[in-house]
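Beneath this line is the structure, given in structure tokens, with notes to follow.
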Amino acid sequence: AREGSELASRERWLVLNKLDLLPADERNARCEAIEAALSGKSGGAARVYRISAAQREGTEALMYDILNYLDEQALLAAEADGQV
């Protein structure tokens with residue numbers, strides 16, 4: 001039970017991939033519907049990315065945000081351990 005509450009308190013990222021497979025005129029509506037459906041579940045996602053990995057659309061921003069997030073987490077962990 002403790003692991004579940006710890007997991008529930010972590011930041012969530014929602015990555016909607018394969019957008020290139022949806023008709024262009026349906027993308028926003030479908031993404032918004034998914035985001036709305038998930039927003040009520042444990043606070044929803046802190047960050048939402050709409051990407052097409054195959055077309056490399058939106059992947060660069062996601063990649064840099066992941067790198068920045070990992071750097072921030074490493075710094076916070078080092079501070080908590082008294083290493084900084």
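Counting in full-length UniProt numbering, the sequence shown runs without a single skipped number right up to 84 at its last residue.
Ideal Cβ placement from N, Cα and C applies to all residues, glycine included.
Buried versus exposed, by CB contacts within 10 Å (16 or more), residue i
i   : result
L19 : buried
7 angstroms CB neighbourhood of residue i in its chain, flanking five on each side removed
i   : result
T59 : I51 and A53
C31 : L16 and R50
Nearest-angstrom Cα separation, counted from residue j out to residue i
i   : j   : result
L70 : A61 : 14 angstroms
L21 : L67 : 27 angstroms
R12 : L75 : 19 angstroms
A78 : E72 : 10 angstroms
Cβ neighbours of residue i in the same chain (closer than 6 angstroms, five flanking residues each side left out)
i   : result
G44 : L38
Beta carbon of residue i nearer than 8 angstroms to that of residue j
i   : j   : result
E35 : V48 : yes
Terminal residues of the alpha helix (DSSP H) in which residue i lies
i   : result
L70 : T59 to A80
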